[in-house]
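Sequential numbering of the sequence shown, starting at 71, is according to this note's numbering.
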Amino acid sequence: MKLQMHSIHFDADQKLIDFIQKRADKLDTFFDRIVDGEVFLRLDKHEKNENKIVEIKMNVPGKTLFAKHQSDSFEAAADEAIEALRRQMKKFKEKVVLAKQ
């Protein structure tokens, strides 16, 4: 799956980008018609802890799924956001299957 990575006001290292790509690729097992996606990595200057924000937008036929999570590390925030997307995709897939029947 093609993901565009955007790190806002900092440069994300390749290790983090690869980590997020690897986790997001697993979403294909839940819904195989994902078109593409965008990942936004942000640092919140106002918070002392939990200042890393990950926003993920996935495009599927007929709908855009979105998840945002904030944590003390980008990896943890990405895991939570991807888990939220997994649940959304599962729900969306059930609706598509019911609509076809």
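Ideal Cβ positions, reconstructed from N, Cα and C, are used throughout, including at glycine.
Which listed residue (the options) has its alpha carbon closest to that of residue i
i, options, result
"residue 141", "85, 105 and 113", "113"
"residue 79", "87, 73 and 111", "111"
"residue 164", "143, 154, 100 and 118", "100"
"residue 158", "118, 105, 148 and 97", "97"
"residue 120", "144, 81 and 169", "144"
"residue 131", "94, 105, 90 and 92", "105"
Extent of the continuous alpha helix (DSSP H) run through residue i
i, result
"residue 160", "144 to 170"
"residue 95", "84 to 95"
N- and C-terminal bounds of the beta strand (DSSP E) containing residue i
i, result
"residue 104", "Counting along the chain, residue 104 falls outside any beta strand (DSSP E), and DSSP gives it neither H nor E."
"residue 76", "73 to 78"
Proximity of residue i and residue j at Cβ, strictly below 8 Å
i, j, result
"residue 122", "residue 136", "no"
"residue 107", "residue 86", "no"
"residue 162", "residue 138", "no"
is_contact[residue i, chain C] using C-beta, thresh 8 Å
i, result
"residue 119", "The structure shown contains no chain C, having only a single protein chain."
Sequence-distant residues of the same chain with beta carbon closer than 8 Å to residue i, five excluded per side
i, result
"residue 76", "108, 109, 110 and 111"
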